[in-house]
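In what follows, a structure is listed as structure tokens, so that the remarks can point back to it.
Residue numbers (the numbering used here), protein chains in the order written: chain D, 1 to 418; chain L, 419 to 607.
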């Protein structure tokens, strides 16, 4: 995709196919010879890991759908039957439920990587925006999926999230009713969420295709954040990065498997072991861990519409980062000031997650957590809307290396290679 | 093909615009059934009314029934709770409207307009913030500062008349349409 194709059909059959459907050419150019910066580190393996996660969720999900019943009266028991009666049903379900958390863990690492190395900056803005879109679709899919077991958290999580729409003045209640297909979350809601939960991952797969396509136009960013200047700066994707991705993927799979086999309920909520009851809300409603920072923002605002806007705005803001960052230098390696604000942002995100996981009246060290969440919410917004534009203008970046090859191989080796 | 230009446009332009317009109308018309199918079905719209026997409810007790898929609070208030509710200045409330389906929309949230018979407070048990079921407060296990309800999801607090007093919820708990069939039976809906 980037530059002229180097594909040369080896046999008559390959030539015949190439003239009709150049799929082998596409594969050759994108995952074989594709010139990739030679200095990509461990954090660049998460793109491949995420593709793996999507595949795992689709395969286990298709299997689970063979045994699951999307009916408010039967859903909970059908999940129990998957866990107890279906051959390897427990394994499929635990891989699927743990896989959601693994997927989000990997996507957060992937996003923070992009943020740290400035991977969203020109000419990669659309890669970043497609990534934000994938993240949104992932949250939607995870939300739909969490409703399906029809436990207490499923039901009340669905109630709270769909009620967010009632904050919209005028038509909000109608939108909520339209989403429910009833006047409250019920059987109609469960059925449509199942349908959408099956659909959206395939839309994600499509957007991932666009994400990778857009990536293959300028090629990968790299930890130095400088452009590829000569073939010396790159290595072919195969075998260098196929091998590196495979190695770190295998470590990731071990990490994944530890949870699947030794802590299958680690990411679960005990309340979801109780069947949905529309008359009793669990004392503490907690969303899945990957949504907690946004949940903390929502709860920290004592006004319904503003709370919802602050939460939605936090995600919309992400799509605008390419234009909020004014720095000429991409990588935080050469941005001494930005690096500190970046790590503060990472810590604030974790604190927000912690606040979201605690009860609404909780306090730590005598400080009400609602105030901690408020301060962190202010920092979250300030980071993107003030720090990113201002630091980019006032900061003096460190000197950038002349090239990737020079940085990796040293001056003499780079010169010798030329 | 010879180009014929007229200020009023050619026959070809007309056909182009007309077919495009018909196509656009057709797409919208075809989309509507796909959107509307998600709205509540005829079965969901056939809303039943419920008759409830309230004779077993003790003073100071709340029992939760189910109505239209929602929790329905029936609370038999103590004289102290009624007095506390009546003592509140309506104009100081975050939501000064009664939100009572039995009264005009403009009715104010006085205690008399929230409960037809002061002893019996009948409410839809859905927090007006994000739809959780608030927890009732009793002298033995208080919930919140106002003796009514506390919603544990996001901390909204309601008083002994079900009016929002503190927290993110924008409105008072809704009063459903109901009537007393006798002293011990009510019909909701």
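Yeah, the Cβ is synthetic: ideal placement off N, Cα and C, and Gly gets one too.
Since we're looking at a predicted model, the values are computed, not measured.
A direct Cα-to-Cα measurement between residue 33 (chain D) and residue 182 (chain D) gives close to 54 angstroms. Per the DSSP secondary-structure output, residue 494 (chain L) pairs in a beta bridge with L:538. Distances from the alpha-carbon of residue 73 (chain D) to those of D:275, D:362, D:270, D:137 put D:275 closest. Note that the C-beta distance between residue 134 (chain D) and residue 211 (chain D) is below 8 angstroms. The Cβ neighbour count for residue 283 (chain D), taken over all protein chains shown within 10 Å, is under 16; the residue is labelled exposed. The beta carbon of residue 331 (chain D) lies closer than 7 angstroms to those of 117, 118, 223, 224, 225 in the same chain, with the five residues before and after it left out. Per DSSP, the continuous alpha helix (DSSP H) segment holding residue 19 (chain D) begins and ends at 12-20.
Within the same chain, and ignoring the five residues on either side of residue 99 (chain D) in sequence, the residues whose Cβ sits closer than 8 angstroms to its Cβ are 53, 56, 57, 60, 256. Of all residues in the segment 155-166 of chain D, only 156, 159, 160, 163, 164 come within less than 7 angstroms of chain L when Cβ atoms are compared, listed by chain position.
Secondary structure of residue 300 (chain D) (DSSP, three-state): helix. Listed in chain order, the positions of the segment 272-288 of chain D with a beta carbon within less than 7 angstroms of a beta carbon of chain L are 278, 279, 280, 281, 283, 284, 285. Secondary structure within the segment 292-374 of chain D: the alpha helix (DSSP H) runs of 4 or more consecutive residues, fully enclosed, are 292-300, 304-324, 336-357 (chain order). Under the three-state reduction of DSSP, residue 236 (chain D) is assigned to strand. Residues of chain L whose Cβ lies closer than 9 angstroms to the Cβ of residue 177 (chain D) are, in chain order, 457, 458. With the rule of 3 Cβ pairs closer than 8 angstroms, the segment 586-597 of chain L counts as touching the segment 304-311 of chain D. Under the 10 Å beta carbon count, residue 197 (chain D) is surrounded by 16 or more other beta carbons and is classified as buried. In the three-state reduction of the DSSP assignment, residue 526 (chain L) falls in the strand class. DSSP places residue 80 (chain D) inside the alpha helix (DSSP H), whose first and last residues are 75-84. The Cβ atoms of residue 553 (chain L) and residue 279 (chain D) do not sit closer than 8 angstroms to each other. Judged by their CB atoms, residue 160 (chain D) and residue 549 (chain L) are nearer to each other than the 8 angstroms cut-off. Non-local beta-carbon contacts of residue 345 (chain D) in its own chain, meaning distances under 6 angstroms to residues more than five positions away in sequence, involve 383 in chain order. The three-state reading of DSSP puts residue 57 (chain D) in helix, counting H, G and I together. Under the three-pair Cβ rule at 8 angstroms, the segment 466-477 of chain L counts as touching the segment 600-607 of chain L. Listed in chain order, the positions of the segment 345-379 of chain D with a beta carbon within less than 9 angstroms of a beta carbon of chain L are 359, 360, 361, 370.
Residues of chain L with a Cβ closer than 8 angstroms to the Cβ of residue 188 (chain D) are, in chain order, 458, 459, 462.
Across the set D:13, D:50, D:200, the C-alpha of D:50 shows the shortest separation from the C-alpha of residue 248 (chain D). Chain L has a Cβ within less than 8 angstroms of the Cβ of residue 301 (chain D).
For residue 455 (chain L), the three-state secondary structure derived from DSSP is coil.
For a Cβ distance threshold of 7 angstroms, residue set 458, 462, 487 of chain L lies close to residue 182 (chain D), ordered along the chain. Among the residues of chain D, those whose CB is under 8 angstroms from the CB of residue 484 (chain L) are 278, 279, following chain order.
Listed in chain order, the non-local C-beta contacts of residue 387 (chain D) below 6 angstroms within the same chain comprise 341, local neighbours out to five positions each way being set aside.
Distance from the Cα of residue 513 (chain L) is smallest, within the candidate group L:497, L:484, L:546, for L:546. Where residue 280 (chain D) is concerned, there is no enclosing alpha helix (DSSP H), because DSSP gives it neither an H nor an E. In the structure shown, residue 29 (chain D) adopts helical secondary structure according to DSSP, grouped into three states. Closer than 8 angstroms to the CB of residue 307 (chain D) there is at least one CB belonging to chain L. At least one beta carbon of chain L lies nearer than 8 angstroms to the beta carbon of residue 192 (chain D).
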